[in-house]
């Protein structure tokens, strides 16, 4: 009797085995898309915010080089800031190409744009969180991609500001020299920088934030001696271009006195 019961039980389990396999496969099929979706959400959540990256690298470079954090934050906002949800936010994938500024969604799009413009003969353009000018400073970097790197871009800018501060003894004047050594352009940029600095954490208001570069403004700068990204900047280094931006990804034509909110 026991043997017959064991045999019956064995037969029952054998009959149920395929059903168990099917049930397991159904569970896997049901949960696989959800897991993939969750993974996608996690990947998106883990992706760094580009604006926050500019601020984080500004702080890191400030601490490393002895620049006040507020100064570095105000510089990157003056250079690439745009109004987002009531705050002036910087953007690392910004290019000013010979007076026309654009924001791009990502680094690859910005690099593709630069490559196209270089192919047609463009040589003077500004890139990154701190808008370093490729004509004057490009040889300090291994490539345009390296120049876009937020950490390298911020570190170069910070050491440039330190050198200017050693010359002037004032961070606002140092910021003006960051842009230009021509008094008119230097002072105008310093005033914009001071206004953004006074507003603190990037509150976006209806007053000056960034302006299109006037045609003669870039020509008024001194060409710097070349220095590597690991070396201190020379006192003769010219300023870095002020980006000409006023919204989204659309291009802005350089215009005298143009402002963004």
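Numbering (mature numbering (1 follows the signal peptide of the UniProt record, and there is no 0)), first residue to last: -36 to -1, 1 to 225. Where a beta carbon is used, it is the ideal one built from N, C-alpha and C, also for glycine. Keep in mind that this is a model prediction, so the values were computed, not measured.
To which residues does DSSP link residue 90 through a beta bridge?
60 and 97
Closest residue to residue 73 among 92, 62, 87 and 22 (Cα-Cα distance):
92
Beta carbon of residue 121, beta carbon of residue 19: below 8 Å?
no
C-alpha distance - residue 14 paired with residue 146, whole-angstrom precision
32 Å
Quick check: what's the CA-CA separation for residue 27 versus residue 83?
38 Å
In chain order, what residues of the same chain have a beta carbon less than 6 Å from the beta carbon of residue 22, not counting five sequence neighbours either side?
36, 37, 40 and 118
Beta-carbon gap between residue 24 and residue 115 smaller than 8 Å
yes
Can you say whether residue 144 is buried or exposed, counting buried as having 16 or more other CB atoms within 10 angstroms of its CB?
buried
In its own chain, which residues sit with a C-beta less than 8 Å from the C-beta of residue 77, not counting the 5 before and 5 after it?
59, 61, 66 and 68
Where DSSP assigns a beta bridge to residue 53, which residues make up the other side?
46
Going by DSSP in three states, residue 84 sits in which element: helix, strand or coil?
coil
Considering only their Cβ atoms, is the gap separating residue 88 from residue 80 smaller than 8 Å?
no
Suppose you measure from the CA of residue 56 to the CA of residue 34; what does that come to, to the nearest Å?
18 Å
If you count every other CB in all the chains shown that lies within 10 Å of the CB of residue 2, and 16 or more means buried, which is it?
Legend: pLDDT at residue 2 = 46, less than 50; position of this residue unreliable, no value from coordinates given.
Taking C-alpha atoms, which residue in 161, 97 and 107 lies nearest to residue 75?
107
Same chain, Cβ closer than 6 Å to residue 160, five either side skipped, listed in chain order
38, 41 and 42
For the alpha helix (DSSP H) containing residue 17, list its first residue and its last residue.
14 to 29
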